[in-house]
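> Heads up: the sequence shown is residues 71 to 183, going by the numbering used here. Let me begin by handing over the structure; questions about it come next.
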Amino acid sequence: MPESVPVTVVDGDEETTIDVARGTVLRDALLDRGFPVYGSVSRRANCGGRGLCATCTVEVDPAPEPTHWHDAAAVRFGYPRLSCCIEVGEPMTVRLLEKRVWGQVLPRRRGGE
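Written out as structure tokens, the structure reads:
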């Protein structure tokens, strides 16, 4: 198995592929490369990657099986996944979400709205 895994990061209209060491927590890989996983306030006030504050949400494809209770609930109810609860093991595409003050995700626009 290769030591690094390609992860494609979609941030708005920009798409970047980064190599991430297998087993790295996705949140850490994104933050280490300067990608915004938090909102304006949660950037400074968050749980530090313990899966408690639910502010580091991203969309992941293909989505790995959840290993944390909060992430399992996100899958069950169709919410974005917690980047702090995902270990990079296989190639994936990660869509960063625009967030309001805390971790609240802005609604997606449909059609040409």
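Just so it is clear, CB atoms sit at the ideal spot from N, CA and C, and this is done for glycine as well.
Report the residue from 103, 130, 108 whose alpha carbon sits nearest the alpha carbon of residue 159.
130
> Taking contact to mean at least 3 C-beta pairs separated by less than 8 Å, is the stretch 74-92 in contact with the stretch 111-126?
With a cut-off of 8 Å, the stretch 111-126 and the stretch 74-92 do not count as touching, because too few Cβ pairs lie within range.
> Just confirm the distance between the C-beta atoms of residue 164 and residue 80, as a whole number of angstroms; I'd bet it's less than 8 Å.
7 Å
> Leaving aside the five residues before and after residue 85 along the sequence, list all residues of the same chain whose C-beta is less than 8 Å from its C-beta, in chain order.
78, 79
> Spatial neighbours of residue 136 within its chain, please: C-beta separation below 6 Å, excluding the five flanking residues on both sides.
142, 145
> Where does residue 112 fall in DSSP's three states?
coil
> Got a sec? Which residues, its chain only, sit under 6 Å from residue 123 by beta carbon, not counting five neighbours each side?
116, 117
> Are residue 126 and residue 167 touching if we call contact CB-CB under 7 Å?
Between residue 126 and residue 167, the C-beta spacing is not below 7 Å.
> Here's a check: name, in chain order, each residue in its chain whose Cβ is nearer than 8 Å to the Cβ of residue 251, leaving out the five neighbours to either side.
Residue 251 lies beyond the range of the chain shown here (71 to 183); nothing can be said about it.
> Would you check whether the ligand NAP has a heavy atom nearer than 6 Å to the C-beta of residue 142?
For the structure depicted, the ligand NAP is absent and the ligand set is empty, with no information on it obtainable.
> For the beta strand (DSSP E) that residue 124 lies in, which residues bound it at each end?
Looking at the DSSP string, residue 124 is not in any beta strand (DSSP E), and its letter there is neither H nor E.
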